[in-house]
Every structure is written in structure tokens, then in C-alpha cells.
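S.K.: Residue numbers 1 to 1120, in this note's numbering, belong to the letters of the sequence shown in order.
Quick reminder that beta carbons are idealized off the backbone N, C-alpha and C, glycines included.
In this text the structure is predicted, and so the values were computed from the model without any measurement.
Pasting a structure below so you can have a look.
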Amino acid sequence: MMNQQGAVGSQDLKKDRSQAQTGNASQKRDLAQMQGAAHTNGNTNGVSSGSLPNGLPAKNELLPTSNGHSNGADTSVSRRSTPPPLDQSWRTSENNKPFGVLLARLAQQCFGDLNATLNKMNDMPSPQPAASNGVVPQTFDPSKESLARKKALMDFASDQRDRFTKALILSDFARSEHDMAKLVDLKAWFDSQIVAQDNAMRFIGITKHDVARAKMPNPNIEGAMELLANGKAPSKWPDLGYIPPPKLTAKQLASTLQDMNVIIATRLNLHEDLPHCFRDFSIANGRATFRVPGEFEVDLSVADEDPSSQFYLIDLRLSFTPAPELTDDLFRNALEAHTNEALSSKGLLGCYDFLHNFVLTHKINVLKSQSVRLFREKWFDCLVTETQRRVLAIQYWKDKAGKKSWIEFGISTGKSRSKHSRRKVTSQHSVRWFRQGQEVHDQAIFVDWDDLDLDAILSQVTAKHASWSLSTISDRLQALAGPRSQVRAQLSTSNSSADECNLTLSLPGLRNPIAVNIEPVTGLATISPSSKDAATAQRNLNRDPSADNSASIAQLLCRAVQDKVRRVAVSARWQLVDPRGFGPQPNFRALFGQDIVRHDIFACNEAWGERWSLCTTYSLAGQKWWVVQTSSRLVESRTIKTIVDARPLDVTTSALSRADLSRIQTMGEAEVSFAVLVQELGANKIPYHLERLSSLTFDGDRRDESATTVVYIRMSQQDLKKPELAPYKPLAITEWIRTVYEGFLDDNDGSGESRHDIRLTLESSQLKHLKDYLTTTQSRDGDVAMNASGGLALSLRAQFGQSYIKEIARLLKRCRELDSALSAARHLQYTCTAVGVSKLAFTYGTSQQYNGVLAKKGGSTELKLGPASSNPHQRIRTHLEEVYNRAADNPFFSLTFAMSATQPFLEAISELELKHSAQRTLTLHPHQVFSYSFVYHAPLAPCRFKIALHWNNQPTTRNKTVSYTATVWDRAGITLPAEFTTALTDLSKDAGSIAEGWMGNNRGGFTSNAKGLRAMLQRLDDFMLSSTNGTDNAVEKLDKSETPLPEAKPALNRNPSRTQAPTQQKPPIPAQMKNQARPPPHQMRPGQDSTARQMTVPATHGQRPNQNQGRVKKEIIELD
């Protein structure tokens, strides 16, 4: 078999290929014989002797002969057959480029892409810098900017890697260039064969198509026979219109139209089942006109009298606006064809259904075209139109955040779930409104389908949406404000224009309300008047409209009120406390309430100090005023304040002014004052009652200035049994004591003293002398008043912010002292010219009138005497002040008794000093009120006398007997001459008598009463003048050392209750003086009393300031 196949090897290529396939098949069968069997194409030695796949003999094998057998002789070998030459023109064409050029351009493209990538990375935003505290950021940068740069670089590397990978593969192919060129030759040859095959098939198809036109049609033998037999064209032949029909006359035309009218009327009334919407029709001019309101008018006619024949469309007119004119022949022909087809298949009902659906669809298309126009004009870039089948969805406010809002125009079946009707339903337009992703069912959208206007529909929808949005803002704001809301909200809505929708919000005290509007085209909320806070609230509203942004509106409203209050506060010179000085306030909401939005703390006056401030809070419930108490603590070398207490003020504000702030400040001061008072009353468990007379209301021009708080203090006799309440014993003078705050004494002096009005009612037996004086004379001070019924009014001055319950007790004690003073003045023949809590003025003297004033200054009382040049008590004024301040009970009696007792002595000494004024030989040294020394100087005998006052106190008599003793004061280191001592002793034995009122004691001393005091002193002075002249330097030195003349007023003890007097704490009464032993001489030395050396030159005193000055009410208290 193989030989036969080899013999056929000289045939054409097609046969060679088939023989090669046969040989391959036999070779596959021979391979199954394994070892020991001869190969198909040769011997068993493994040398191939068969033919190649192309039919040629194997290598080193003779070509077979024509008969398939080899003769084995050395004959000439037949010449091998070669394949046809292949087209190699591609090797020299322009498309064959060197591989080096490809690599060069690839490298150039890589370089260009690298530059473009680097420029792109450079244009990207830089990542955030390192932290300000110096912390180095982490190695991996997860920021978006860094990731974007890395992605761009990786994309470039990936693309270039793919390109160079392809170039690597091509370089591998280039290494076997000869073999690859042959492969390309074969590929080019195969492509040319495929193109030739496609061209042949295309040529055969075109030829077949062209030959069909040259085919002869079959002859119409039947028609030709009829034409030849009858001489007329058969009726079945079509009329090609080559011969025009004859024209009808007017009479024929009218008759024909009348006949058609009759036929149509008969058919519509008797044979046709008219649809419900086709009941409105008219017949004229051979046609029936059916009218569907708001949709179309259609003219139909018939071409045959047969009732079963179809109607044909004559004309169609659309009855809505805007509607196109059907002038386009192509469109009109297509519409006519579909209408006639519906008439042919379903009759009039089919015609109505087709035209009805056509009009419904066309109206939606009209709305779509209007949306495209609006998108380019008024609603530029704010609408999104989507169409799906016969549904048109128009999204408005495209750029508004949150869920989408849109309108859907579609066609519904017309079926109703609730209504059941026998009438056949027809499709109709439907409109659905989706607001923020939710369909709205409670508000219907009116669409005029007869006059389509998408702009009006959008205006209507946006107006309803804007009204709903503003209403939602108002409702949320009222819900946030709660039942005590003071927000005045006025909502204006509209169903046709969003421009007419607005929401105005206001709070009490806000002159210009806040207006919130919705922009019709963009849907963004706008707030006016514009400000920084308004921009923030507007941005929050537009960021997420579905979120509850009422807090932003509340912040805006409260900030507007806050700005106004701050402006008025600055004009009133209030200082706004820096909130950064306050630390975390965990109890802030508990003190001021949960609805507080903003707050301010003001320092109204320097007298308030650091502990008290005035705070105002702003919320939707209105503005409130508080008095806050703060505490300070040191945290990391920084002072942090904390609010520890807040007390509300009953203030209702509508429009603040500087006068209103002044009244609020006064209320705050009263609240601080009473807070301190109540705190001390509670700490001491003293009963009290707090009552507010009225609230402070500022409403336009109506202002209630009587707003104040009253504290009633009650101290019963049972409370006095408690030892801790002993300091408050004067409070038990009456059952109730009323305290009212009156304000600062003077805001400009900076003293910080405030005034309180103290009112109480006394029984008729209490303070009778004071009541008689205050009700019968007008010479009284303005800080105390009393009426005949027992009503007592006092003016209390206290340091602001400090407790003053003890001051109230002191005032009541002072009233008792005044009552005792008036009684004592009557007994001692003193006249009180002015009686007050802080000042008591009196006059005294018989031969010469003197006056004195007791004025309170701090914790002590100062005595002012007049006339300053002639008043004998001027030299002992300081000692008299000490007597008054040290007296525990009835100090005025102690003072006036001391002044009455010392007046004759001081007047007599003044006369003697006047006699010795030329040579200054007599000097008086007061040591105490009842102890003096006067010294004679050279050229007189140097002698020092001690004068002591003594008295007796007899309860049965009103007269107090005062005695005066004069003795020589022996001092260590000073010796008087013996002659002088003997003479003085003799004088004491012989001089004086009981009748004269003075006498000696036989030891050089003398005693007298008030009657003989002048005679005794005059006799001693005469004795000294007649004594031997001499000089005693030791006495002069001692006098100078013991009696210095100070330049300034001596320091007084401001708390006499805690000071122990060296001799006596209250003026002695006559009974005590009678039995009092004379002190030994060594106890009477002037050097033991430091104040005795400070009274030679009286200190000047300033006058009492006018209390009526300052911006406060007059301190004159009037009682009903």
C-alpha cells in the first residue's frame, strides 16, 4: 500500500495532501504492532523509509517509480516538486519596522508617561503636616492624598511593565527571525485566501440579486381572455389612477354628503355600541365628529352602506395646549394608518383607546420637552429628567443635600379599589409626589391637563415643599422650647410660589426678627439678616434637611438677643467676664436648667468683688437673670472659677435699656445682700421669712420700680435661751423685723457700702424717750425715725456682700442707747439737738454754751467739741472718747457725767493758765478723765500737784456729789525744800472751811467740792506765786520727758469691748466714789498711762460727709 501511495506522489498538491493523510493513518495503525514488526515506511532498523507528510519520500530514499515499484538500479532520481512561491512584499513595506525603533519609541513613551505621572502627583493636594506638638507621624501614611499618589505611581509602573513584557516576548521571537518570517509569509497567504473567498461569495450574491430583475413574469391569460371577450378591463384589475375620474357636480356632492350623513346617523344610533367618551358627537358634511374634552376631536366617516363596514379617519385635532399641528405628512400618514387599523379591528372603541393613549403619551412628552427647556433657562442645572416607558420623573432641587424629591407623571389604569362601577374604566394621567424619598398622600398636586405648564406645576410643588419645610422647622423649634416657650413664630405659606413662603422667628427683647426662606429653584434655606451665626445656622440647615436643626436656630435666636444685651451692658459700663476663666461646670444644668442655650456673666460693680456676679441666660423660654456666687481655686498655677450657687431674679424683659440694667443691678444687689443674710440666719437657726413684693417687668414704657425682696426676722424669748444666739439679743425687741435693700450709698466713691431699710413695731413701753423726742422735734438725723404708734424705721449701712445681721443687732442696741442718752441728758441738763443712729449732737453749759457731737466711725465713736478754741473739754477729748467707747452700759450717761464733773475744774485751770501764760510757769497734764497733774515751773518753786476727782452715788437723790482733791505729787529723785513743804503743810492746816467748800487735810493736801474748787485752786496758785523763786532742772527735764506734745491724733481702740481699761471700764457712780479708797501715789504716776501724754494738743477731725450726696434715695425715713 505504501508503495502505491508513493507512486501517486507526482500528482497535484491536493492529491498529495490526501495521500499524506492516508499514510499517516496507516502509520498510526502500524504503531500498534510495537517491537519486532517492520515500520510502515521502511525496514526494522528504525530508519525512516516512508514518505513525508507532503507525499515526498523520506531522506536518502529513492523516489518511487510510476508503477509504485522500485527497480533497485542506479537510475536518475526524479526532481522534487516545490510549493508555490509566497508573497513576501510585506518585508519591504512601510509597516515592517526594525525592532530597535520599537524599543526606542517604547523608551520614549515610558519617559513621557513618567513625566506626566510626576506632574499629576505634584498637582495632587499635599497631606496634612506633622502635629504641632512635634510628634513625628507614623511611617505608613493612611491619608487619601498619599494613597492617591501611590496609586498613580503603581498604575504607571504596571502599564510600563506590561509594555516591556510584550517587548521581551518580541525580542525572543526576533532571535529566530528566519522561521518567524516564514510564519508571517504563511499568515499573509492565509489572509489573502480568506479575502478571496469572501469576495467570491459576495460576487455570487450580487449576481443572483441582479438576475432576479431580468426574470419575465407569467402572462395573465385569464385577464387577457376577459378583455378580448368583453372589450372592457376586468373589475379585478387595480385602478392605477392614470385616468382621473369625472368630477361631481355641486348637486351631486351635496346629495352624496347628505346620504353619508343619513348612513352615519343610522349606523351610530342603531348599529354601533358607542364608547362612553364618544357620546359627545355631531354629524355634518358626511362625517361624524367625536369630541373628548381636554384630549382630541376626531372626524370619522364610512365608505359603504354596509353597517359592518369600518369607519375611516378623516381628520384629527388635539384640544389641549400646547398641542402641535399635524402638518407633517409622514407623521399624519402613520397616525392615520394606525387609527384605521384600530377602527378595522376594534371599531370605535379601538379608535378611542388608541387616540386616548396617544394623547396621554403625547402630553407626557410635552411635559418632557418643557422640562428640557426649563433646565436650560430658569431651572438651570437644578432638574433631572428621567423617562421610563410612559412615566416621566422630574427631580427638582438636584443639588440639595439629603434624599431626593421628585414628581412622577404617568398613566394609570383608572381602576379604583374602593369604587365599583359598571362603566368600563379607561386609562388616565396620574401624578405622584415624592418628598425626600417618601410619597406624599395628604397633599394633592393640581395639574391642568388642558393647559400644560410644567413651570407652574414645579412652582406649586416647591411652594408646598417649602411650606412643609418651614413648618417642620417651626414645630421642631417649639418642641425644643417646651411648654414655656417664648418663641414668636409666624409662618406664611403659599400653594403657588415658594417666594411667598417664609418663617419669622423672634424672642422677647429682639427688635428685628429672624426670617427663614426657601429659595424656589435651588431649595436652599436662607436666613436674614445675615451674620456669622446666621451663616452657620444656614449651613446646618442645608447640610441635612431631614435632621433636627432646631438647635442651630435656637443658637441664632439666643445669640441675637445676647448681642443686643452685650451692647447695652457695655454702654452701662458692665464688664463681661471672660468665660475662659471658668473651669468645667458639672452642675451648670442643675443650677440654671436644662434648656439653656447661651449665657453671659457680668461684673456690674467693683463693690461686688470676685465672689458675686450677675449672670444672664438665654433660651427659647426667654431671657433670665441670675445672681451667681463663684469660688476660685488654683489649678496648675492658673486660677479657675466655679459657680457654686445661682439665685434667680424675677425679671421679665422685652426691650432693655441702660435704666433697665440699672434696676436689674439693684435687684441683684438686693439678692446678694439677702442671700448673705439668709445664709447667716440659717447658720444660726434664727427664724425668718422671705417675701417678694412684686416682679420687675420691662414692657415698653411700663416699668414696675417697686420690685424688691423683703426678709422678716423673728427672734423670740425662747431663742434667747440658746447660748449661740446671745450676740443677737437685741433682735428680740419685737416679734418681726423687716429688712429691705435700698441700694448703694454712692456708686462713685468705691466704698461698697449699701443701705438697708429696717422696719419694726414696738410696744408703747419701749423706747419711750426716743419716741417722744422723734415725734415732737424735727432735729433728728435721717437714719432713724419713729411715729406715735410705735413704728421704728432705721437706715443700716453695711459693706456689700458681707453679713449684716450683727449690724442690725447693733442698730437696735444703739436705739436703746439713744433712749438712755435722752433720759440721761434730761437728768444732767444736757440738750440733744440731733439724734441719729450714727450721730448724736448735744449742748451743755450754763454760763457759757458748749456743744458736742458723737459720730460713729467704724467700730468706735468719735467726739467732736465746740467751740474748738474755748471748750475746756477739748484737752481731754480723747479721754472722753475712751470713756464713751469703754462703757458697757449707758455710755452717754458715763460721758456726760464725766464732762459735768470735770467742767468746773477745767474752767478753773484755764483761768489759771491764762494768768501764767506770759512766763509759762503753769502746765496741766491730764492723765485720765478723773486724774490730772499741774506743774509749776521756774522761777516759781518747782512743785507738781495731783488732782483727783471723786464722787458718791446715792440712789435716793438725783444729785451726784463730786469732790476734788489736790495733793503734792512726790517723785523719785526730786526733793522739795523743807521750808516749802512746811509752808504748804501749814496752809493745809489753816486755809479753807466747810462754808467755803474747801479745806486742807493737815498734810499738805486739799479737798473741795464744786462750790469751793475755784477758791481752792486760786489759794494754791497764790501760795505758789508767793513761794521762793528757784530753778529745778530735774523737774523741767522730767516734765518734758513725761509730757511730750504729739503732732498727730493718738490711735484709738476700735473694739472697746475687748480692751481692758487700766483703771475703770465705765464711769464710776457716786456710791462707788464715796467708798472708793484713794490710790497710792505710786499708782498715780502719769507715766503709767500712755494716752495721758497725747492729749495736750487736740487732734482735728473731719466733718461728717453729706449723706444726701450720691445717686441713692434720701436717707430720710418717713413712717406712715
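(1) Whose C-alpha, out of Arg566, Leu690, Ile733 and Ala726, is nearest the C-alpha of Tyr712?
(2) If we ignore side chains and look at the alpha-carbon of each, how far apart do Thr961 and Tyr830 end up?
(3) If you scan the region 615-661 from start to end, which runs of the alpha helix (DSSP H) of 4 or more residues do you find wholly inside it?
(4) Would the region 509-526 and the region 431-450 be scored as touching if the rule is three or more Cβ pairs under 8 Å?
(5) Which class does Lys813 belong to by DSSP, given the choice of helix, strand or coil?
(6) Give me the residue from Leu86, His429 and Gly609 with the minimum Cα distance to Leu186.
(7) Tell me which residue opens and which closes the alpha helix (DSSP H) that Gly100 is part of.
(8) Within the region 239-290, note down every full alpha helix (DSSP H) run reaching 4 residues or more, in order along the chain.
(9) Could you tell me whether the region 791-805 touches the region 675-692, using the rule of 3 or more Cβ pairs below 8 Å?
(10) Run the CB neighbour count on Ala683, radius 10 Å, all protein chains shown included, and call it buried at 16 or more, exposed below.
(11) Is it true that the region 716-724 meets the region 757-764, where meeting means three or more beta-carbon pairs spaced less than 8 Å apart?
(12) Taking one C-beta from the region 460-476 and one from the region 489-497 each time, how about it: are there three or more such pairs within less than 8 Å?
(13) When burial is assigned at 16 or more other CB atoms within 10 Å of the CB, is Thr339 buried or exposed?
(14) Could you pull the start and end residues of the alpha helix (DSSP H) that Tyr688 belongs to?
(15) Run through DSSP, which three-state label would Asp453 get?
(16) Determine the burial state of Pro520: buried for a count of at least 16 other Cβ atoms within 10 Å of its Cβ, exposed for fewer.
(17) Can at least three beta-carbon pairs, one atom from the region 616-628 and one from the region 572-581, be found at a separation below 8 Å?
(18) In the DSSP assignment, the alpha helix (DSSP H) including Met154 goes from what residue to what residue?
(19) Measuring CA to CA, which of Glu913, Thr896 and Leu253 is closest to His925?
(20) Reducing DSSP to helix, strand and coil, say where Arg797 ends up.
(21) Can you give me the C-alpha to C-alpha distance between Leu257 and Pro324, rounded to a whole angstrom?
(22) So, Gln629 versus Asp645, is the Cβ gap smaller than 7 Å?
(23) So the beta strand (DSSP E) Met999 belongs to, where does it begin and stop?
(24) Classify Ala131: buried if its beta carbon has 16 or more other beta carbons within 10 angstroms, exposed otherwise.
(25) What's the C-alpha gap between Ala515 and Asp451?
(26) Determine whether the beta carbon atoms of Gly782 and Gly609 lie at a separation below 7 Å.
(27) Tell me whether the region 861-880 and the region 807-821 touch, counting them as touching only if at least three CB pairs, one residue from each stretch, are closer than 8 Å.
(28) Put Gln443 into one of helix, strand or coil per three-state DSSP.
(29) For the alpha helix (DSSP H) that contains Asp329, what are its first and last residues?
(30) Since Tyr844 sits in a beta bridge, which residues does DSSP pair it with?
(31) Where does Trp406 fall in DSSP's three states?
(32) Which of the three DSSP states is assigned to Pro513 in this structure?
(33) With distances taken Cα to Cα, identify the nearest neighbour of Gly350 among Arg611, Arg663, Ala444 and Leu274.
(34) By alpha-carbon positions, which one of Cys110, Gln197, Glu145 and Ser531 ends up nearest to Ser158?
(35) Is the separation between the beta-carbon of Ala798 and that of Ala785 shorter than 7 Å?
(36) Use the C-beta contact count for Leu253: other C-beta atoms within 10 angstroms, 16 or more gives buried, fewer gives exposed.
M.R.: The short version:
(1) Leu690
(2) 18 Å
(3) none
(4) no
(5) helix
(6) Leu86
(7) Phe99 to Asp123
(8) 250-266
(9) yes
(10) exposed
(11) no
(12) yes
(13) buried
(14) No alpha helix (DSSP H) holds Tyr688; the beta strand (DSSP E) holding it covers Tyr688 to Arg692.
(15) coil
(16) buried
(17) no
(18) Lys144 to Arg175
(19) Glu913
(20) strand
(21) 30 Å
(22) yes
(23) Trp998 to Gly1000
(24) The predicted position of Ala131 is uncertain, since its pLDDT is 49 and thus under 50; a value taken from the coordinates is nonetheless stated next. Flag for Ala131 reads exposed.
(25) 35 Å
(26) no
(27) no
(28) coil
(29) Asp329 to Arg376
(30) Tyr850
(31) strand
(32) coil
(33) Leu274
(34) Cys110
(35) no
(36) exposed
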